[in-house]
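Some notes on the structure that comes next.
In my numbering, the protein residues as written are 1048 to 1614.
The following block contains the structure:
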């Protein structure tokens, strides 16, 4: 039997006056039209470049194809021999994006996997924003189109990162579904949701945090401990770890990687730029709408009563948590901005309902007696009030179009400047044709691995996906790798052959590797076997040769200043 507190709570959540059929149809049309706009926006952004946004997308789509081939041959999950020196070696490999990779399989079957990855990214990004918009529609938040514009205008980095072929878009959908289940108190469904989230992405911890926040909000608003939300979420998460093809390796890798990335201040090795914070001014002006939404939400929440303000209180705590972690690492910027907008929407909703239905709570007989007088005396002021409200609503919508246009245009320009997707194809195809399958290739940058893997999955590589995987498995080898690739080792070729087991070296032609290239050639232990404008392949010799003579007016590259930037 449903308890009284829950019944009262659900009654308080309903609008004071149920919307009529015409209003419901209008909202549905707006939702469908908004969804089309969202899809158009993400396809527009996605195809400003032929490249897959962010290098990890090359790994994700290629691994999805290999998963499909493994399924067809009866090997699931297939082995992952591609990073044998790291924590992702064949014995310890864990696919912590397994369900995401399964969702990518249909797109990996495109004749051009690159195109498939881009279509998937556009659809998943649109689905993430649409799911947030659906919450506005589902809970009948007024001025629906304003919140649509706010979601698309909330942050330029948000639009960019949701355009990547990565799991964050699906992660946002999981968060929205989890919030809906919490609001509807369908707690048992949180278990399968958490289970699937664990199989999809390691940020399932946000769902656990959301459940904890909801328990706290219910206690605050209703003075009761609604423990089931946290219980079922925890059960689902634990089941996702245990009922997993990678158990127990997945538990160990998750906590090891978590501890690596929770390091305060500097990381033990140079990691991807996404793990470092944005410059404060850039984050502020590129996410101005999200910051304004937070301020609006804070002010409006203070005017809500406990019962009707429960959802707003949840979004206050949840979006504030996401803001804090976004301030520490830019890789979380795809989560905070849309939930900041939802915070403002749900915080304003009770105030709008009270203003709209000021007379709804009066007794029916009193309203009947007053109605003739109210109709005659208030008709003209009411029309003026409605006109003013429409003007204000329209003005806010138009104002939001400014940051929306700026963010979409700026993001499109950023995407258009994405690196050439074909820049490593020549070098990778040379390796595939000329180097025996299964050999280790020394890639001079850990973030070159995804593109190399995309074009050449017949060989193994020294470092990839995250430099902490090599550091975690072998700290000494990780430091040696960094010293070699930054040109700090004068005679690196014998070390690469003996310590890393590689006879071939792949390097991009960026300036940061000039010293490394010079050391390899000047040592007499390596020769260039392939080169184009983007990359170079070197072969380590069995016997030392005299290095090529340098022009008298040109200094050896190995004697140049060694750059100290991250690898």
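In this text, a Cβ means the ideal position worked out from N, Cα and C, and glycines have one as well.
Own chain residues within Cβ distance below 6 Å of residue i, not counting five before or after
{"i": "residue 1472", "result": "1502"}
{"i": "residue 1022", "result": "The structure shown has nothing for residue 1022, since the chain only spans 1048 to 1614."}
{"i": "residue 1607", "result": "The predicted position of residue 1607 is uncertain, since its pLDDT is 42 and thus under 50; a value taken from the coordinates is nonetheless stated next. Once the five neighbours on either side are set aside, the close Cβ partners of residue 1607 are 1562."}
{"i": "residue 1067", "result": "none"}
{"i": "residue 1487", "result": "1507, 1548, 1549"}
{"i": "residue 1123", "result": "1117"}
{"i": "residue 1291", "result": "1297"}
Beta-bridge pairing of residue i - partner residues as DSSP gives them
{"i": "residue 1574", "result": "1586"}
{"i": "residue 1554", "result": "1583"}
{"i": "residue 1362", "result": "Looking at the DSSP assignment, residue 1362 forms no beta bridge with any residue, so it has no partner."}
{"i": "residue 1489", "result": "1552"}
{"i": "residue 1471", "result": "In DSSP, residue 1471 forms no bridge with anything."}
{"i": "residue 1508", "result": "1488"}
Nearest residue (CA-CA) to residue i, options the options
{"i": "residue 1196", "options": "1077, 1592, 1357", "result": "1077"}
{"i": "residue 1462", "options": "1091, 1067, 1579", "result": "1091"}
{"i": "residue 1468", "options": "1376, 1111, 1161, 1086", "result": "1161"}
{"i": "residue 1100", "options": "1088, 1164, 1133, 1115", "result": "1164"}
{"i": "residue 1586", "options": "1548, 1521, 1557", "result": "1548"}
{"i": "residue 1306", "options": "1532, 1259, 1518, 1266", "result": "1518"}
{"i": "residue 1089", "options": "1379, 1362, 1456", "result": "1456"}
{"i": "residue 1209", "options": "1174, 1576, 1233", "result": "1174"}
{"i": "residue 1105", "options": "1385, 1273, 1466", "result": "1466"}
{"i": "residue 1454", "options": "1118, 1289, 1330, 1526", "result": "1330"}
{"i": "residue 1296", "options": "1374, 1397, 1135, 1451", "result": "1135"}
{"i": "residue 1583", "options": "1590, 1574, 1589", "result": "1574"}
{"i": "residue 1398", "options": "1348, 1378, 1376, 1439", "result": "1348"}
{"i": "residue 1087", "options": "1377, 1168, 1554, 1540", "result": "1168"}
{"i": "residue 1119", "options": "1131, 1102, 1152, 1273", "result": "1152"}
{"i": "residue 1249", "options": "1379, 1327, 1082", "result": "1379"}
{"i": "residue 1203", "options": "1588, 1589, 1452", "result": "1452"}
{"i": "residue 1531", "options": "1557, 1490, 1226", "result": "1490"}
{"i": "residue 1593", "options": "1109, 1579, 1572", "result": "1572"}
{"i": "residue 1150", "options": "1226, 1126, 1193, 1218", "result": "1218"}
{"i": "residue 1080", "options": "1177, 1102, 1108", "result": "1177"}
{"i": "residue 1109", "options": "1372, 1170, 1071, 1213", "result": "1213"}
{"i": "residue 1082", "options": "1525, 1552, 1095, 1172", "result": "1172"}
{"i": "residue 1533", "options": "1520, 1579, 1556", "result": "1556"}
{"i": "residue 1550", "options": "1560, 1559, 1539", "result": "1539"}
{"i": "residue 1103", "options": "1500, 1475, 1304", "result": "1500"}
{"i": "residue 1343", "options": "1328, 1332, 1333, 1363", "result": "1363"}
{"i": "residue 1459", "options": "1126, 1211, 1470", "result": "1211"}
{"i": "residue 1579", "options": "1553, 1589, 1588", "result": "1553"}
{"i": "residue 1293", "options": "1332, 1448, 1275, 1140", "result": "1140"}
Cβ neighbours of residue i in the same chain (closer than 8 Å, five flanking residues each side left out)
{"i": "residue 1084", "result": "1195, 1199"}
{"i": "residue 1479", "result": "1502, 1503, 1505, 1506"}
{"i": "residue 1450", "result": "1200, 1335, 1336"}
{"i": "residue 1477", "result": "1576, 1577, 1584"}
{"i": "residue 1074", "result": "1066, 1184, 1187, 1191"}
{"i": "residue 1545", "result": "none"}
Spatial neighbours of residue i in its chain, beta-carbon cut-off 7 Å, leaving aside the 5 residues before and after
{"i": "residue 1230", "result": "1358"}
{"i": "residue 1112", "result": "1155, 1160"}
{"i": "residue 1615", "result": "As displayed, the chain neither begins before 1048 nor continues past 1614, which places residue 1615 out of reach and without an answer."}
{"i": "residue 1052", "result": "With a pLDDT of 47 at residue 1052, under the threshold of 50, the modelled position of that residue is not reliable, and no figure is offered here."}
{"i": "residue 1361", "result": "1260, 1261, 1264"}
{"i": "residue 1475", "result": "1499, 1502, 1503"}
{"i": "residue 1617", "result": "This structure cannot speak to residue 1617, because the chain is shown only from 1048 to 1614."}
Residue i CB to nearest heavy atom of the ligand SAH below 7 Å
{"i": "residue 1299", "result": "Looking at this structure, you won't find the ligand SAH or any other ligand, since it has none at all."}
Report yes or no: do three or more beta-carbon pairs, one from the stretch 1186-1203 and one from the stretch 1134-1148, lie closer than 8 Å? no
Only counting runs of 4 or more residues, tell me where the alpha helix (DSSP H) segments fall wholly within the stretch 1131-1197, in order along the chain. 1145-1155, 1160-1185
For the stretch 1384-1394 and the stretch 1171-1182, state whether three or more C-beta atom pairs, one from each stretch, are separated by less than 8 Å. yes
Could you tell me whether the stretch 1238-1257 touches the stretch 1491-1502, where touching means 3 or more Cβ pairs closer than 8 Å? no
Segment contact flag, the stretch 1268-1281 with the stretch 1220-1239, C-beta cutoff 8 Å, min 3 pairs: yes
Decide if the stretch 1364-1376 is in contact with the stretch 1247-1266; the criterion is three or more beta carbon pairs, one per stretch, under 8 Å apart. yes
Across the stretch 1378-1390 and the stretch 1336-1351, are there enough close Cβ pairs to call them in contact, namely three or more that are closer than 8 Å? yes
Could you tell me whether the stretch 1510-1524 touches the stretch 1107-1121, using the rule of 3 or more Cβ pairs below 8 Å? no
Could you give the uninterrupted runs of the beta strand (DSSP E) lying entirely in the stretch 1070-1120, keeping only those of 3 residues or more? none
Let me know the beta strand (DSSP E) ranges lying completely inside the stretch 1227-1265, each 3 residues or longer, listed in chain order. none
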